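Q: Once you've had a glance at the structure underneath, I'll fire off some questions.
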Amino acid sequence: MTAANSSFPGAWRAALALGPSRPFLTYYDDHTGERVELSYTTFDNWVAKTANLIQDDLALGSGDEIAILLPTHWQTPIWLLACWTAGVVASVGEDPAAAERAAAVVAGPDRLEEARACKGERIALALRPLGAPFPSVPEGFTDYAALAPAQPDVFAPYSPVTADTPALVADGGSWTQGELVRDAAEAAARWNLSAASRVLTGCAYDSRPEIRAALTSELAVGASLVLCRNVDPSRLPGRMASEKVNARVASLAGGTAGAGGQENGTAEGTLGVLPVE
Numbered sequence: 014m015t016a017a018n019s020s021f022p023g024a025w026r027a028a029l030a031l032g033p034s035r036p037f038l039t040y041y042d043d044h045t046g047e048r049v050e051l052s053y054t055t056f057d058n059w060v061a062k063t064a065n066l067i068q069d070d071l072a073l074g075s076g077d078e079i080a081i082l083l084p085t086h087w088q089t090p091i092w093l094l095a096c097w098t099a100g101v102v103a104s105v106g107e108d109p110a111a112a113e114r115a116a117a118v119v120a121g122p123d124r125l126e127e128a129r130a131c132k133g134e135r136i137a138l139a140l141r142p143l144g145a146p147f148p149s150v151p152e153g154f155t156d157y158a159a160l161a162p163a164q165p166d167v168f169a170p171y172s173p174v175t176a177d178t179p180a181l182v183a184d185g186g187s188w189t190q191g192e193l194v195r196d197a198a199e200a201a202a203r204w205n206l207s208a209a210s211r212v213l214t215g216c217a218y219d220s221r222p223e224i225r226a227a228l229t230s231e232l233a234v235g236a237s238l239v240l241c242r243n244v245d246p247s248r249l250p251g252r253m254a255s256e257k258v259n260a261r262v263a264s265l266a267g268g269t270a271g272a273g274g275q276e277n278g279t280a281e282g283t284l285g286v287l288p289v290e
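This is the structure we're talking about:
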């Protein structure tokens with residue numbers, strides 16, 4: 014980690030510079046039949062639009078907290094990185110007080126009732142194929158799909174985002190951007206990740222170990238992800254071959270935490286990235 018990439022905006026720019034057209038995130042949902050591929054450039058565009066939404070429409074800045082109540086989905090890491098790009102704290106996990114405490118909440122269809130505890134802005138994501146909006150917007154919420162497209166494609170923070178900027182609340186703890194970036198770089202080195210790594214995962218991004226294993230460690234070296242939800246096991250071998258998967262998120266305690274979406278253990282240090290043999 015250097016001074017230039019000691020926060021997520023700097024780390025992301027470094028990864029983007031390795032090849033903007035490379036795939037960063039490829040998403041599959043075997044219930045809906047979706048396949049979504051986001052290059053580094055496309056993912057960057059989504060992050061910029063979402064960060065502008067956070068900064069301008071929601072009027073949030075450093076120290077403010079957004080509760081992320083989203084499942085395994087391609088839009089979940091976009092919201093995490095957008096929060097960090099805007100210098101806002103992302104809160105994840107099952108803390109029932111998170112939504113009530115947060116300045117804003119972002120929720121998928123299955124967690125709208127939980128999100129209603131938020132006294133601030135409530136953003137709902139339909140999580141429909143192709144990012145389609147809700148047929149009918151839930152009462153008390155604003156539809157993300159109606160807000161995001163109109164946002165600028167380039168983001169400039171009103172206040173600098175630094176290594177000391179608060180970034181994450183999860184698992185009963187909190188971390189700054191510098192702590193998370195340093196941790197990600199160390200994990201990537203420990204797991205032998207590189208820009209050539211294609212990592213399979215089914216993580217829901219609702220704990221710090223999941224975020225480390227299935228987002229930030231890949232970002233630290235410019236790797237790419239294959240994110241799977243509702244997996245049909247019979248399709249997995251062919252998918253891994255076609256997507257050139259060479260690593261997977263797994264439980265270091267012995268069970269898998271990969272494409273099935275059933276993570277076995279999310280305590281500190283229980284998830285890692287292992288090579289595919």
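Residue numbers (our numbering): 14 to 290. Glycine included, every Cβ here is placed at the ideal spot set by N, Cα and C. Computed from a predicted model, the values in this text were never measured in an experiment.
From what residue to what residue does the alpha helix (DSSP H) around I224 run?
A: R221 to I224
Q: Can you look up L138 in the DSSP assignment and give me helix, strand or coil?
A: coil
Q: Just to confirm, is the Cβ distance from L82 to A110 under 8 Å?
A: no
Q: When we look at the beta-carbon of L31 and count the other beta-carbons within 10 Å, is it buried (16 or more) or exposed?
A: exposed
Q: Where does F21 sit, in a helix, a strand or coil, going by DSSP?
A: helix
Q: How big is the Cα-Cα spacing for G191 and D57?
A: 20 Å
Q: DSSP three-state call for F37: helix, strand or coil?
A: strand
Q: So A176 and S19 are in contact, right, with Cβ under 8 Å, and what is the actual spacing, rounded?
A: Contact flag correct, Cβ pair sits at about 4 Å.
Q: Do the segment 209-217 and the segment 185-199 make contact, defined as three or more Cβ pairs closer than 8 Å?
A: Short answer: they don't touch.
Q: Just list the residues that DSSP pairs W188 with in beta bridges.
A: Partner(s): L181.
Q: How is the beta strand (DSSP E) around G251 delimited, first residue to last?
A: Where G251 is concerned, there is no enclosing beta strand (DSSP E), although the alpha helix (DSSP H) it sits in stretches over L249 to S255.
Q: For V286, which residues does DSSP report across the bridge?
A: V262
Q: Tell me where the alpha helix (DSSP H) around T55 begins and ends.
A: Y53 to N65
Q: Ordered along the chain, which non-local residues of its own chain (more than five positions away) have a Cβ less than 8 Å from that of T39?
A: R48, V49, E50, L51, S237, L238, V239, L240 and E256
Q: Once DSSP output is grouped into helix, strand and coil, what is the label at R48?
A: strand
Q: Just checking my contact of E297 with A117 at CB under 8 Å: how many whole Å lie between their CB atoms?
A: Outside the shown range of the chain, which is 14 to 290, sits residue 297, and nothing can be said about it.
Q: Pop quiz: A104 and V182 are said to be a contact at Cβ under 8 Å. What is the actual Cβ separation, rounded to whole angstroms?
A: First, the residue type needs correcting, since residue 104 is Ser and not Ala in the sequence shown. Confirmed, about 4 Å.
Q: What is the DSSP secondary structure of L93, counted as helix, strand or coil?
A: helix
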